[in-house]
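Asker: Got a structure here, written out as C-alpha coordinates. Questions coming.
Residue numbers (this note's numbering): 1 to 124.
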(Lines of atoms letter the chains of each structure in order from A and count residues from 1; the text may use other names and numbers.)
(Lines give C-alpha, C1' and ligand atoms only; values in the text may rest on other atoms or scores of the structure.)
Protein backbone atom coordinates (compact mmCIF):
# COMPACT_ATOMS: atom_id res chain seq x y z
CA UNK A 1 0.00 0.00 0.00
CA UNK A 2 1.74 3.20 -1.15
CA UNK A 3 1.92 5.99 1.38
CA UNK A 4 2.15 9.58 0.18
CA UNK A 5 2.54 12.39 2.72
CA UNK A 6 1.05 10.34 5.55
CA UNK A 7 -1.98 9.03 3.63
CA UNK A 8 -2.35 5.40 2.60
CA UNK A 9 -3.60 5.10 -0.97
CA UNK A 10 -5.79 2.12 -1.92
CA UNK A 11 -3.48 -0.33 -3.65
CA UNK A 12 -5.96 -2.01 -6.01
CA UNK A 13 -7.23 1.22 -7.60
CA UNK A 14 -5.65 3.00 -10.54
CA UNK A 15 -3.32 5.78 -9.45
CA UNK A 16 -5.63 8.27 -11.18
CA UNK A 17 -8.43 7.21 -8.79
CA UNK A 18 -6.33 6.81 -5.65
CA UNK A 19 -4.48 10.16 -5.65
CA UNK A 20 -7.70 12.09 -4.89
CA UNK A 21 -7.71 10.36 -1.49
CA UNK A 22 -5.36 13.19 -0.50
CA UNK A 23 -7.37 16.14 0.82
CA UNK A 24 -6.89 19.01 -1.62
CA UNK A 25 -6.21 16.94 -4.74
CA UNK A 26 -9.13 16.35 -7.07
CA UNK A 27 -9.35 14.66 -10.44
CA UNK A 28 -8.07 17.66 -12.43
CA UNK A 29 -5.03 18.23 -10.20
CA UNK A 30 -4.40 14.49 -10.21
CA UNK A 31 -4.19 14.43 -14.01
CA UNK A 32 -1.80 17.40 -14.01
CA UNK A 33 0.45 15.77 -11.39
CA UNK A 34 0.59 12.47 -13.27
CA UNK A 35 1.38 14.31 -16.52
CA UNK A 36 4.26 16.21 -14.89
CA UNK A 37 5.58 13.03 -13.26
CA UNK A 38 5.17 11.13 -16.54
CA UNK A 39 3.29 8.26 -14.91
CA UNK A 40 0.61 6.26 -16.72
CA UNK A 41 -2.78 7.07 -15.10
CA UNK A 42 -3.95 3.47 -15.70
CA UNK A 43 -1.18 2.02 -13.55
CA UNK A 44 -2.32 0.46 -10.27
CA UNK A 45 -1.14 2.09 -7.07
CA UNK A 46 0.52 -1.14 -5.90
CA UNK A 47 2.62 -1.26 -9.11
CA UNK A 48 4.30 2.11 -8.49
CA UNK A 49 8.05 1.98 -7.94
CA UNK A 50 9.74 3.80 -5.06
CA UNK A 51 11.14 6.36 -7.53
CA UNK A 52 7.68 7.12 -8.89
CA UNK A 53 6.27 7.54 -5.39
CA UNK A 54 9.15 9.86 -4.51
CA UNK A 55 8.54 11.85 -7.72
CA UNK A 56 4.82 12.21 -6.91
CA UNK A 57 5.58 13.24 -3.34
CA UNK A 58 8.07 15.92 -4.39
CA UNK A 59 5.70 17.38 -7.02
CA UNK A 60 2.80 17.50 -4.55
CA UNK A 61 4.91 19.07 -1.78
CA UNK A 62 6.38 21.67 -4.11
CA UNK A 63 3.24 22.82 -5.93
CA UNK A 64 0.18 22.01 -3.81
CA UNK A 65 -1.19 22.74 -0.37
CA UNK A 66 -2.82 19.58 0.98
CA UNK A 67 -4.09 17.80 4.09
CA UNK A 68 -3.39 19.60 7.41
CA UNK A 69 -2.14 22.88 5.92
CA UNK A 70 -5.18 23.20 3.65
CA UNK A 71 -7.64 22.25 6.41
CA UNK A 72 -6.03 24.81 8.73
CA UNK A 73 -6.24 27.52 6.07
CA UNK A 74 -9.93 26.81 5.39
CA UNK A 75 -10.72 26.91 9.12
CA UNK A 76 -8.81 30.19 9.50
CA UNK A 77 -10.81 31.70 6.63
CA UNK A 78 -14.10 30.65 8.26
CA UNK A 79 -12.90 31.92 11.67
CA UNK A 80 -11.98 35.28 10.07
CA UNK A 81 -15.48 35.60 8.55
CA UNK A 82 -17.04 34.86 11.92
CA UNK A 83 -14.78 37.34 13.74
CA UNK A 84 -15.50 40.25 11.41
CA UNK A 85 -19.24 39.52 11.65
CA UNK A 86 -19.90 39.20 7.94
CA UNK A 87 -23.14 37.66 6.67
CA UNK A 88 -21.32 34.49 5.64
CA UNK A 89 -19.66 34.33 9.04
CA UNK A 90 -23.01 34.60 10.82
CA UNK A 91 -24.40 31.79 8.66
CA UNK A 92 -21.42 29.59 9.58
CA UNK A 93 -21.90 30.46 13.24
CA UNK A 94 -25.60 29.53 13.16
CA UNK A 95 -24.94 26.34 11.19
CA UNK A 96 -27.00 27.40 8.19
CA UNK A 97 -26.13 27.30 4.47
CA UNK A 98 -23.85 30.20 3.61
CA UNK A 99 -24.15 30.25 -0.17
CA UNK A 100 -27.70 31.40 -0.77
CA UNK A 101 -29.63 28.15 -0.62
CA UNK A 102 -33.22 28.14 0.64
CA UNK A 103 -33.79 27.09 4.22
CA UNK A 104 -37.56 26.80 4.53
CA UNK A 105 -37.11 23.29 3.15
CA UNK A 106 -34.11 21.27 1.97
CA UNK A 107 -31.41 22.48 4.35
CA UNK A 108 -31.31 19.33 6.48
CA UNK A 109 -27.65 18.55 5.86
CA UNK A 110 -26.58 21.86 7.35
CA UNK A 111 -29.34 22.31 9.96
CA UNK A 112 -29.32 18.74 11.24
CA UNK A 113 -32.20 16.54 12.23
CA UNK A 114 -35.65 18.16 12.50
CA UNK A 115 -36.50 19.45 15.95
CA UNK A 116 -39.87 18.10 17.05
CA UNK A 117 -42.22 20.67 18.58
CA UNK A 118 -44.34 19.22 21.35
CA UNK A 119 -47.82 20.51 21.98
CA UNK A 120 -48.27 21.95 25.43
CA UNK A 121 -50.81 20.09 27.62
CA UNK A 122 -54.17 21.86 27.70
CA UNK A 123 -55.50 23.07 31.07
CA UNK A 124 -58.97 22.04 32.20
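Glycine included, every Cβ here is placed at the ideal spot set by N, Cα and C.
Kindly provide the ranges of any alpha helix (DSSP H) runs that are 4 or more residues long and lie completely inside the segment 1 to 43, ordered along the chain.
Answerer: 15 to 18 and 27 to 37
Asker: With three or more beta-carbon pairs closer than 8 Å as the criterion, would you say the segment 30 to 43 touches the segment 6 to 22?
Answerer: yes
Asker: Verify whether the separation of the beta carbon atoms of residue 45 and residue 2 is less than 8 Å.
Answerer: yes
Asker: Have a look at residue 101 and residue 112 and give me their C-alpha separation to the nearest angstrom.
Answerer: 15 Å
Asker: Measuring only the C-alpha atoms, how far is residue 63 from residue 119?
Answerer: 58 Å
Asker: Let me know the secondary structure DSSP gives residue 101 once reduced to three states.
Answerer: In the three-state scheme derived from DSSP, where H, G and I count as helix and E and B as strand, residue 101 is classed as coil.
Asker: Rounded to a whole number of angstroms, what is the C-alpha to C-alpha distance between residue 67 and residue 59?
Answerer: Rounded to whole angstroms, residue 67 to residue 59 spans 15 Å at the Cα level.
Asker: Whole alpha helix (DSSP H) runs in the segment 41 to 77 with 4 or more residues, listed along the chain?
Answerer: 50 to 63
Asker: Considering Cα atoms alone, identify which of 8, 13, 40 and 24 is closest to residue 73.
Answerer: 24
Asker: Please report the straight-line C-alpha distance between residue 13 and residue 21, rounded to a whole angstrom.
Answerer: 11 Å
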